[in-house]
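Student:
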Amino acid sequence: MNKLKVTETSLRDGHQSLIATRLSTDEILPILTEMDNAGFHALEVWGGATFDACLRFLNEDPWDRLRKIRANVKNTKLQMLSRGQNLLGYRNYADDIVEKFLQKAIYNGIDIVRVFDALNDFRNLKKSIEVIKKEGAHCQCAIAYTISPVHTIEYYLQLIKEFEDEGADSICIKDMSGILLPYEAYKLIKAIKEITNLPIELHNHCTSGIAEMTLLKSIEAGVDIVDTAISPLSSGTSQPCTESLTLTLQDNERDPELNISCLNKIANYFKPIVNKYIESGLLSPKVLMTEPKTLFYQIPGGMLSNLINQMKTLNAFDKYDEVIKEIPKIREELGYPPLVTPMSQMIGAQAVFNVISNERYETIPTEIKKYVKGLYGKTAAPISDEIKRKIIGDDEIITVRPADLIEMEYDKIFQEILDLAKSEEDVLSYALFPKVAKDYFLKR
Ligand code: CO
20 MNKLKVTETS LRDGHQSLIA TRLSTDEILP ILTEMDNAGF HALEVWGGAT FDACLRFLNE
80 DPWDRLRKIR ANVKNTKLQM LSRGQNLLGY RNYADDIVEK FLQKAIYNGI DIVRVFDALN
140 DFRNLKKSIE VIKKEGAHCQ CAIAYTISPV HTIEYYLQLI KEFEDEGADS ICIKDMSGIL
200 LPYEAYKLIK AIKEITNLPI ELHNHCTSGI AEMTLLKSIE AGVDIVDTAI SPLSSGTSQP
260 CTESLTLTLQ DNERDPELNI SCLNKIANYF KPIVNKYIES GLLSPKVLMT EPKTLFYQIP
320 GGMLSNLINQ MKTLNAFDKY DEVIKEIPKI REELGYPPLV TPMSQMIGAQ AVFNVISNER
380 YETIPTEIKK YVKGLYGKTA APISDEIKRK IIGDDEIITV RPADLIEMEY DKIFQEILDL
440 AKSEEDVLSY ALFPKVAKDY FLKR
């Protein structure tokens, strides 16, 4: 069997999961040479929250961060996460924005783009795949892993076939909630290996306490690449620990042969930084605690803590348990969407409304209506006529690729921000995060 490859996530998911994505570029730069020499397959460095937090909280240009990282990382591939037609933002963008954004991301240093769609509607990835391939980057297509009666192994295999036909260079199983059980992972990876020769990467989270076991079973099943984070930014709601995995596999046929002395230096570098965030309260001990409830309810850790806050704000914390029980019901009624951004927030909001109103679906957020109308894409299971009528009345449901309904918008957005934008990258920051980008331009 071939050597296991490791993608280090500290600079994206690691700090996003534990310290609200607050690592600054100044905190990242001094350790990059060490990270570059450790033998990683890739460093994950860019994604929605990293981009947003740069502009919103750190007064930094995310493009500038990417260029600086690239200048310091000579041997290792740089990877980003993109939400298909939503890119790094919160809505569907027109095809011209998707094209220009991915072109610029690759031009500024990204080698591997991991793309996924919250509904696993592969039409929402078509444009991204086309552009990534055209620009000569590596296109990794991810399945958003969830559990439901319709999310069978056959369902995932079908999706992977679609990815492969469209030109994917590798496949990722993205278990954002940390609910992929060890023996399920083994079965799934074995089954995928039967139908494709594309490399398979596993991305999971330690939230529920099973991630390391799942990692090991996945390695036994022949997974090609795994995502881990250096110890100070690992575990809890983040990824399994890089050093522990390396030591587990020492002298094994799958030994990733990472440089242990580099790993120790990286860990020693991040430890005091993470300690600083523990002292400031930014890193809450709660995110480090194992939450097996995630496995019972299949609700991601982040969504649970959001719900707790929402219920407290509404002075309705006594109804928290009812809300938790309402979520699986809504999921079933709405065709089993995976609970990942933005679906997790939308389903959470609907559950709160259903519990605090007199009648279920008395209040319905606009985004849920859009979802039922098909504007986010195709649902994994059909929604019953009764629920459809309750939510959108007699409105029509679209069956085309949602972005087909969006007119090209780059020129219009460019005109809006002409005075403040200094580059095409600025225009794209503004396209994705209009208010925060504008505020940042005014401050710089
Ligand atoms: Co993740």
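Numbered according to the working numbering, the sequence shown terminates at residue 463, and the numbering increases by one at each position without gaps.
The beta-carbon is built from N, C-alpha and C at its ideal position, and this holds for glycine as well.
All values reported here derive from a predicted model rather than from experimental measurement.
#1: Could you check which residue in V132, R86 and N143 has the C-alpha nearest to that of V419?
#2: Taking any heavy atom of the ligand CO as the mark, which residues have a C-beta closer than 6 Å to it, listed down the chain?
#3: Figure out for me which residue from D114, E173 and T233 has the closest Cα to the Cα of I151.
#4: Classify K454: buried if its beta carbon has 16 or more other beta carbons within 10 angstroms, exposed otherwise.
#5: For the alpha helix (DSSP H) that contains H34, what are its first and last residues?
#6: Are the beta-carbon atoms of L77 and A124 separated by less than 9 Å?
#7: Taking I162 as the reference, give the member of I249, H222, N127 and E63 with the closest Cα.
#8: Determine, using beta carbons only, whether S101 and F135 come nearer to each other than 9 Å.
#9: Under 6 Å Cβ to Cβ from V242, same chain only, skipping five residues before and after it: list those, please.
#10: Pull up the DSSP beta-bridge partners for M20, would you.
#11: Closest to A399 by C-alpha separation, out of E213, R75 and P357, would be which residue?
#12: Within the chosen definition, does the stretch 411–430 reach the stretch 382–392 through at least 3 CB pairs nearer than 8 Å?
#13: From what residue to what residue does the alpha helix (DSSP H) around R408 run?
#14: Tell me whether the beta-carbon of Y380 lies closer than 9 Å to the beta-carbon of S167.
#15: Within the stretch 125–157, note down every full beta strand (DSSP E) run reaching 3 residues or more, in order along the chain.
#16: Which value, in whole angstroms, describes the spacing of the CA atoms of W65 and M195?
#17: Taking I318 as the reference, give the member of I349, N294, Y205 and I285 with the closest Cα.
#18: Which whole-angstrom value describes the C-beta separation of L62 and V92, a residue pair presumed to lie in contact below a C-beta threshold of 8 Å?
#19: Quick check: is the beta carbon of L107 nearer than 9 Å to any beta carbon in chain C?
#20: Go ahead and label E426 buried or exposed: buried means 16 or more other beta carbons lie within 10 angstroms of its beta carbon, across all protein chains shown.
#21: What are the start and end residues of the beta strand (DSSP E) that includes A61?
#22: Hey, would you say I198 sits closer than 9 Å to T165, going by beta carbons?
#23: Near L42, which residues of its chain fall below 6 Å by C-beta distance, leaving aside the five closest residues on each side in sequence?
#24: To the nearest angstrom, report how far apart A39 and T28 are at their CA atoms.
#25: Count the other CB atoms within 10 Å of the CB of I214; is the residue buried (16 or more) or exposed (fewer)?
Tutor: So, to answer that:
#1: Comparing Cα-Cα distances from V419 to each of V132, R86 and N143, the minimum goes to N143.
#2: Every residue passing the under-6 Å Cβ criterion appears here: D32, M195, H222 and H224.
#3: Nearest C-alpha to I151: D114.
#4: Note on K454: under 16 other CB atoms within 10 angstroms of its CB, so exposed under the neighbour-count rule.
#5: In the DSSP assignment, H34 falls within the unbroken alpha helix (DSSP H) covering H34 to I38.
#6: No, the pair does not count as a contact, with Cβ atoms beyond the cut-off.
#7: From the listed residues I249, H222, N127 and E63, the smallest Cα separation to I162 is found for H222.
#8: In contact: S101 and F135 (Cβ atoms closer than 9 Å).
#9: Non-local C-beta neighbours of V242 in its own chain, meaning closer than 6 Å and more than five positions away in sequence, comprise I208, I219 and L221, ordered along the chain.
#10: Under the DSSP definition of a beta bridge, M20 lacks any partner.
#11: For the residues E213, R75 and P357, the minimum Cα distance to A399 belongs to P357.
#12: Judged by pairs of C-beta atoms under 8 Å, the stretch 411–430 touches the stretch 382–392, as three or more such pairs exist.
#13: That run of the alpha helix (DSSP H) goes D404 to I411.
#14: No, Cβ-Cβ distance for Y380 and S167 is not below 9 Å.
#15: Counting only runs of 3 or more, we get 131–134.
#16: Going by the C-alpha atoms only, they are around 16 Å apart.
#17: Comparing Cα positions, the closest option is I349.
#18: The Cβ separation is near 6 Å, so the contact holds.
#19: Note that chain C does not occur in the displayed structure, where there is just one protein chain.
#20: The Cβ neighbour count for E426, taken over all protein chains shown within 10 Å, is under 16; the residue is labelled exposed.
#21: Taken as a continuous stretch (DSSP letters only), the beta strand (DSSP E) holding A61 covers A61 to W65.
#22: In contact: I198 and T165 (Cβ atoms closer than 9 Å).
#23: Only H34 meet the Cβ criterion.
#24: The alpha-carbon atoms of A39 and T28 are separated by roughly 14 Å.
#25: With fewer than 16 other Cβ atoms within 10 Å, it is exposed.
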